[in-house]
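Novice: Protein sequence lines correspond, in order, to chains X and V. Heads up, our numbering is the position in the first sequence plus 18, with the first residue counted as 1. Heads up, our numbering is the position in the second sequence plus 18, with the first residue counted as 1. Once you've had a glance at the structure underneath, I'll fire off some questions.
There are 2 protein chains.
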Amino acid sequence: MKKLLERLKFDEKGLIPVIIQDVDSGEVLMLAYMNEEAFIMTMETGKTHFWSRSREKLWLKGEESGNYQQVEDVYFDCDADTLLIKVRQVRGACHKGYWSCFYRQMKKEGEVKIVGKKVFEPKKVYGPKETIEKTYQILEKKKKRK
Amino acid sequence: MKKLLERLKFDEKGLIPVIIQDVDSGEVLMLAYMNEEAFIMTMETGKTHFWSRSREKLWLKGEESGNYQQVEDVYFDCDADTLLIKVRQVRGACHKGYWSCFYRQMKKEGEVKIVGKKVFEPKKVYGPKETIEKTYQILEKKKKRK
Numbered sequence: 019m020k021k022l023l024e025r026l027k028f029d030e031k032g033l034i035p036v037i038i039q040d041v042d043s044g045e046v047l048m049l050a051y052m053n054e055e056a057f058i059m060t061m062e063t064g065k066t067h068f069w070s071r072s073r074e075k076l077w078l079k080g081e082e083s084g085n086y087q088q089v090e091d092v093y094f095d096c097d098a099d100t101l102l103i104k105v106r107q108v109r110g111a112c113h114k115g116y117w118s119c120f121y122r123q124m125k126k127e128g129e130v131k132i133v134g135k136k137v138f139e140p141k142k143v144y145g146p147k148e149t150i151e152k153t154y155q156i157l158e159k160k161k162k163r164k
Numbered sequence: 019m020k021k022l023l024e025r026l027k028f029d030e031k032g033l034i035p036v037i038i039q040d041v042d043s044g045e046v047l048m049l050a051y052m053n054e055e056a057f058i059m060t061m062e063t064g065k066t067h068f069w070s071r072s073r074e075k076l077w078l079k080g081e082e083s084g085n086y087q088q089v090e091d092v093y094f095d096c097d098a099d100t101l102l103i104k105v106r107q108v109r110g111a112c113h114k115g116y117w118s119c120f121y122r123q124m125k126k127e128g129e130v131k132i133v134g135k136k137v138f139e140p141k142k143v144y145g146p147k148e149t150i151e152k153t154y155q156i157l158e159k160k161k162k163r164k
């Protein structure tokens, strides 16, 4: 893992942007950020983990909604400052209920059009805080065991 | 254009990350950054423009190599802090001569494998500075006319 980490350039905040792409359709699902820990957790568990810049914490994608991303392939770019990860997405990637976070198109004339597929109802899948806490406790225990 | 700019959240440096995707194959080609000016130039000319963080200047993709990107569709994400642009790529996107900048794959075991397609010889396409200057002069003139 150290060998891979050494290949990557994290920015001044210790983060690297990560493009998430659906392995089957090639659709771009989202962009998020990883710190070193999130990268290690992703590679070791096979599920994407990110650093939430707004909540300032490590975040297992799907921890609350169950909408996990199973890692298939990991790529990095010529400057080694961006990752591209192909995943199998459970249910939908966007917390607004769309398959992809890029569900809105911009037209030159100033118009914005919703073009994405709505695949779930956010209110129904973002559950109680306890679920998240439990998931985290399990992950933390696993980490300590290593 | 103002209406579109108002929808986007540029970061504390005035930048927004932009994912560039091949409109035909769906292959992710690169990630780069735009400031407001680069966004306007992209929308108005139909060719991608970025802000080069290393050179600290506006940059027309392909200005030196001729490897332009013709804009087809523009999307933005749920948080309005990332753009996704589908393009028709001339020759290849990566300055190292590959079709995509994500030409290297990371294996869990620490191995890095070149999986991308080499499509041109960088030495042959990155030409004299004069070409770039000329392109810019034309664009600047166009801007002033508006």
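Glycine included, each C-beta is placed from N, C-alpha and C at the ideal position.
Leaving out the 5 sequence neighbours to the left and right, which residues in its chain are closer than 6 Å to K32(X) when beta-carbon positions are compared?
Specialist: As a working note, residue 32(X) is residue 14 in the first sequence. In the sequence on display, residue 32(X) carries Gly and not Lys. Excluding residues within five positions, the ones whose Cβ falls inside 6 Å are N53.
Novice: Which residues, taken in chain order from the segment 81-97 of chain V, show a beta carbon closer than 8 Å to some beta carbon of chain X?
Specialist: D91, V92, Y93, F94, D95, C96 and D97
Novice: Quick one, which of V133(V), N85(V), L78(V) and L47(V) has its alpha-carbon nearest T63(V)'s?
Specialist: Along the second sequence, one-based indexing puts residue 63(V) at 45. Ranking V133(V), N85(V), L78(V) and L47(V) by Cα distance to T63(V) puts L78(V) first.
Novice: E90(V) and K105(V) - do their beta-carbons sit closer together than 8 Å?
Specialist: Residue numbering aside, residue 105(V) sits at position 87 when the second sequence is read from its first letter. Residue numbering aside, residue 90(V) sits at position 72 when the second sequence is read from its first letter. Checking the sequence shown, residue 105(V) turns out to be Val, not Lys. Yes. Within cutoff.
Novice: Using a Cβ-Cβ cut-off of less than 9 Å, list which residues of the segment 53-64 of chain X approach chain V; keep chain order.
Specialist: M61, E62 and G64
Novice: Taking the alpha-carbon of G80(X) as reference, which of Y144(X), E158(X) and I156(X) has the nearest alpha-carbon?
Specialist: Stepping through the first sequence from its first residue, residue 80(X) is reached at position 62. If we check each option's Cα against that of G80(X), Y144(X) comes out closest.
Novice: Under 8 Å, with one C-beta from each stretch per pair, do the segment 38-51 of chain X and the segment 114-127 of chain X reach the 3-pair mark?
Specialist: yes
Novice: What span of residues does the alpha helix (DSSP H) with V108(V) cover, start to end?
Specialist: Numbered from its first residue, the second sequence carries residue 108(V) at position 90. Premise fails: V108(V) is in no alpha helix (DSSP H) and is neither H nor E.
Novice: Can you list, in chain order, the residues of its chain with a C-beta nearer than 6 Å to that of K135(V)? Leave out the 5 residues immediately preceding and following it.
Specialist: In the second sequence, residue 135(V) corresponds to position 117, counting from 1. Correct list, in chain order: W117.
Novice: In terms of residues, what are the limits of the alpha helix (DSSP H) holding E62(X)?
Specialist: Here residue 62(X) refers to the residue found at position 44 when the first sequence is read from its first residue. Element bounds for E62(X): E54 to T63.
Novice: Whose Cβ in chain V lies nearer than 8 Å to the Cβ of H113(X)?
Specialist: Position 95 of the first sequence, counted from the first residue, corresponds to residue 113(X). Ordered by position in chain V, the residues that pass the 8 Å Cβ test against H113(X) are C96.
Novice: Can you look up K79(V) in the DSSP assignment and give me helix, strand or coil?
Specialist: Within the second sequence, residue 79(V) is the residue found at index 61, counting from 1. Residue state, collapsed to three classes: coil.
Novice: Residues of the segment 22-35 of chain V with a CB closer than 8 Å to any CB of chain X: list them in chain order, please.
Specialist: Taking 8 Å as the Cβ-Cβ cut-off, the segment 22-35 of chain V approaches chain X at L22, R25 and P35, given in chain order.
Novice: Report yes or no: is there a C-beta of chain V within less than 8 Å of the C-beta of K75(X)?
Specialist: For the purposes of this step, residue 75(X) is taken as the residue at position 57 of the first sequence. By this cut-off, K75(X) is not an interface position.
Novice: Looking at I34(X): is its Cβ nearer than 8 Å to the Cβ of D99(X)?
Specialist: For the purposes of this step, residue 34(X) is identified with residue 16 of the first sequence, where counting begins at 1. For the purposes of this step, residue 99(X) is identified with residue 81 of the first sequence, where counting begins at 1. Yes, the pair counts as a contact, with Cβ atoms nearer than the cut-off.
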